[in-house]
Amino acid sequence: MPRAQQLSTPRPVAERPLRMVDFPEPEPGADEIVVEVAACGVCRTDLQLVEGDLAARRLPVVPGHQVVGRVRRIGQNVRSWKAGDRVGIGWIGGTCGLCEHCTAGNDNLCDEAEFTGWDRDGGFSQLMTARADSAYAIPPGFSDMDAAPLLCGGVIGYRSLEISGIEPGRRLGLYGFGASAILTMQVAIHRGCTVYVATRSREEQSRALDMGATWAGPYSALPPDPLDAAITFAPAGFVVVEALKAVKPGGTVAINAIHLDTIPEFPYALLWRERGIRSVANFTRRDAREFLQLAGEIPVRTVVDPYPLADANIALDRLKRGETGGAAVLTVGEADSP
Ligand SMILES: [Zn+2]
Ligand SMILES: [Zn+2]
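In this text, residue positions in the sequence shown follow the working numbering: the first is 661, and each later residue adds one.
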């Protein structure tokens, strides 16, 4: 029987909330595929779900929404995939396809959307089902493990670039420098942008400079040049105000964060002259397809920190402590077979 790391009761990760369970081999629905998981990224959203900061939509549930694997079986209506194809599965697990948002191509805004590892069982598992229309081809240049972090931080970073309105060759600020920002910076530099990185950690500041940033400093420091746009990754509201101070008139601050504490009060003069603040909500399936193709062309480099499926609790604990050496990824292979 296949095995999965299942959450029944959200609690602090130090108490090992995920438990390995056996489950019967799943049957694909008519529009679904069954995926043999090879690798699944571990994201802050998984940590929030496991600890209860993000309310579970159903329990028990298997987390994980940066899945790379191979199609094992297909449902009777599926024409887009065949057994053996390599696919990636992200946070959007399915949308209604009929509402005003879906029909306008904004499927990320669908009120009926289902999410992988939240509404549907996700990729901390040897086998999972997914909707065929919510799976993506993975460019051949990536290993299974290296591709996994592209499917959340990478795609959302790509959408943040679009929402920020940054054009090729312009000056972009990145506020926070974790896994998503690192992927986003590579796309921005590929487009000829000059990148300015603000982050608290001195270590991350020097890593940003090593990776091609023109300037790096703390959140409170104003970059030496006015920015055309900025993206905030840090889950702290004051960072949005710091970014706004650095953006020139007409520029946008895009907020790449699902959860943010309060944005502090700030003088209207900071927003005046057509500066804007926009949130970034997940990504559309088109974003995912475009980004994955571009990531293969650039090619985007990911740094992963692998853990066996059995160590999912440990990976989450290290993510919480900021001790992962790159993007944490669960490897789901032979070693995990019963
Ligand atoms: Zn994620
Ligand atoms: Zn919809």
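A virtual CB, placed ideally from N, CA and C, is assigned to each residue, including glycine.
Under the three-state DSSP convention, the category Thr-763 falls into: Counting from 1 along the sequence shown, the entry for residue 763 is found at position 103. Reduced to three states, the DSSP call for Thr-763 is helix.
Between the CA atoms of Val-913 and Pro-927 - distance to the nearest angstrom: Residue numbering aside, residue 927 sits at position 267 when the sequence shown is read from its first letter. Residue numbering aside, residue 913 sits at position 253 when the sequence shown is read from its first letter. Taking the straight line from one Cα to the other gives about 16 Å.
Local conformation of Arg-739 per DSSP, three classes: Counting from 1 along the sequence shown, the entry for residue 739 is found at position 79. Residue state, collapsed to three classes: coil.
7 Å Cβ shell around Lys-780 - same chain, five flanking residues per side excluded: For the purposes of this step, residue 780 is identified with residue 120 of the sequence shown, where counting begins at 1. Correcting the residue type first, residue 780 is Arg in the shown sequence and not Lys. Counting only Cβ-Cβ distances below 7 Å, and skipping sequence neighbours, we find Gly-753, Glu-774.
For Tyr-879, three-class secondary structure by DSSP: Against the sequence shown, residue 879 aligns to sequence position 219. The answer is coil: DSSP assigns Tyr-879 none of H, G, I, E or B.
Terminal residues of the beta strand (DSSP E) in which Glu-696 lies: The sequence position of residue 696 within the sequence shown is 36, counting from 1. Run containing Glu-696: 692-701, per the beta strand (DSSP E) assignment.
Buried or exposed by the 16-neighbour rule on C-beta atoms within 10 Å, applied to Gln-736: For the purposes of this step, residue 736 is identified with residue 76 of the sequence shown, where counting begins at 1. Flag for Gln-736 reads exposed.
Inter-stretch contact at 8 Å, needing at least 3 Cβ pairs: the region 868-880 / the region 782-796: no
Beta-carbon proximity list for Ala-995, same chain, < 7 Å, skipping 5 on both sides: Taking the first residue of the sequence shown as 1, we reach residue 995 at position 335. Low confidence applies here, because Ala-995 scores a pLDDT of 44, under 50, leaving its location unreliable and the question unanswered by this model.
Ser-997 - DSSP class collapsed to helix/strand/coil: The residue given as residue 997 occupies position 337 in the sequence shown. Low per-residue confidence applies at Ser-997: pLDDT is 41, beneath 50, and the placement is therefore not dependable enough to give any value.
Phe-951 versus Gln-666, Glu-925, Gly-750, Cys-703, residue with shortest Cα-Cα distance: Counted from its first residue, the sequence shown places residue 951 at position 291. The shortest C-alpha separation from Phe-951 is found at Gly-750.
Nearest residue (CA-CA) to Val-815, options Leu-832, Ala-941, Asp-804: If you number the sequence shown from 1, residue 815 lands on position 155. Nearest option by C-alpha distance: Ala-941.
DSSP three-state assignment for Val-747, whether helix, strand or coil: The residue given as residue 747 occupies position 87 in the sequence shown. DSSP places Val-747 in strand when its eight states are reduced to three.
Ile-816: first and last residue of the uninterrupted alpha helix (DSSP H) it sits in: Taking the sequence shown and counting its residues from 1, one reaches residue 816 at position 156. Counting along the chain, the alpha helix (DSSP H) containing Ile-816 begins and ends at 813-824.
Simplified DSSP state of Gln-726, which is helix, strand or coil: As a first step, residue 726 is located in the sequence shown; it is residue number 66 there, counting from the start. Gln-726 falls in the coil class under three-state DSSP.
Alpha carbon of Leu-714 to alpha carbon of Arg-819, nearest angstrom: In the sequence shown, counting from the first residue as 1, residue 714 sits at position 54. In the sequence shown, counting from the first residue as 1, residue 819 sits at position 159. Taking the straight line joining both Cα atoms gives about 22 Å.
Secondary structure of Thr-859, DSSP reduced to three states: On the sequence shown, position 199 is the one that residue 859 refers to. Of the three classes helix, strand and coil, the one that applies to Thr-859 here is coil, per DSSP.
Cut-off 6 Å between Cβ atoms - residues of its own chain near Gly-724, not counting five sequence neighbours on either side: Counting from one through the sequence shown, the residue named residue 724 turns up at place 64. Cβ within range, chain order: Cys-700, Gly-777, Gly-782, Gly-783, Phe-784.
Continuous alpha helix (DSSP H) stretch holding Val-710: start and end: For the purposes of this step, residue 710 is identified with residue 50 of the sequence shown, where counting begins at 1. First-last of the alpha helix (DSSP H) with Val-710: 704-711.
Given Pro-662 as reference, the closest of Pro-672, Pro-684, Thr-669, Ser-668 once Cα atoms are compared: Walking along the sequence shown from the start, residue 662 turns up at place 2. Nearest C-alpha to Pro-662: Pro-684.
Between the CA atoms of Ala-975 and Ala-987 - distance to the nearest angstrom: For the purposes of this step, residue 987 is taken as the residue at position 327 of the sequence shown. For the purposes of this step, residue 975 is taken as the residue at position 315 of the sequence shown. Approximately 10 Å between the Cα atoms of the pair.
Reduced DSSP category for Thr-962 - H, G, I as helix; E, B as strand; rest coil: Indexing the sequence shown from 1 puts residue 962 at position 302. The answer is coil: DSSP assigns Thr-962 none of H, G, I, E or B.
Thr-705 CB to nearest heavy atom of ligand 1 below 7 Å: One-based indexing of the sequence shown puts residue 705 at position 45. At least one heavy atom of ligand 1 is nearer than 7 Å to the Cβ of Thr-705, so yes.
Sequence-distant residues of its chain with Cβ nearer than 8 Å to Leu-678 (five each side left out): Here residue 678 is taken as the residue at index 18 of the sequence shown, counted from 1. For Leu-678, where only same-chain residues beyond five positions count, the Cβ hits under 8 Å are Gln-665, Gln-666, Leu-667, Val-710, Pro-723, Phe-784, Ala-972, Asn-973, Leu-976.
Nearest to Ala-881 (by Cα), restricted to the options Leu-904, Pro-686, Met-871: Here residue 881 is taken as the residue at index 221 of the sequence shown, counted from 1. If we check each option's Cα against that of Ala-881, Leu-904 comes out closest.
Any beta strand (DSSP E) of 3 or more consecutive residues that is wholly inside the region 861-926: 875-877, 887-892, 907-915
For Asp-682: DSSP bridge partner residues: Here residue 682 corresponds to residue number 22 of the sequence shown, with the count starting at 1. Paired residues: Arg-663.
Touch test, the region 820-840 against the region 887-894, Cβ-Cβ under 8 Å, three pairs minimum: yes
Chain-order list of residues whose beta-carbon lies under 6 Å from that of Ala-868 (same chain, five-residue window excluded): Mapped onto the sequence shown, residue 868 falls at position 208. Contacts found: Phe-837, Val-857, Ala-876.
Exposed unless 16 or more other CB atoms sit within 10 angstroms - verdict on Val-960: Translated into the one-based positions of the sequence shown, residue 960 becomes position 300. Under this definition Val-960 is a buried residue.
Between the CA atoms of Asp-804 and Ala-955 - distance to the nearest angstrom: Reading the sequence shown from its first residue, position 295 is the one you call residue 955. Reading the sequence shown from its first residue, position 144 is the one you call residue 804. Whole-angstrom Cα-Cα distance: 14 Å.
Leu-931 versus Arg-978 - alpha carbon distance: Along the sequence shown, one-based indexing puts residue 931 at 271. Along the sequence shown, one-based indexing puts residue 978 at 318. Roughly 38 Å separates the two Cα atoms.
Closer than 7 Å: Trp-751 CB and nearest ligand 1 heavy atom: For the purposes of this step, residue 751 is taken as residue 91 along the sequence shown, with counting starting at 1. Yes, since a heavy atom of ligand 1 falls inside the 7 Å radius drawn around the Cβ of Trp-751.
CB of Leu-843 within 8 Å of CB of Gly-801, strictly: Here residue 843 corresponds to residue number 183 of the sequence shown, with the count starting at 1. Here residue 801 corresponds to residue number 141 of the sequence shown, with the count starting at 1. No; because the gap between Cβ atoms is not below 8 Å, this pair is not in contact.
Inter-residue Cα distance where the pair is Gly-744 and Ala-795: Translated into the one-based positions of the sequence shown, residue 744 becomes position 84. Translated into the one-based positions of the sequence shown, residue 795 becomes position 135. Cα-Cα distance, rounded: 14 Å.
Any non-hydrogen atom of ligand 1 closer than 7 Å to Gln-726 Cβ: As a position in the sequence shown, residue 726 is number 66, starting the count at 1. Yes, Cβ of Gln-726 sits closer than 7 Å to a heavy atom of ligand 1.
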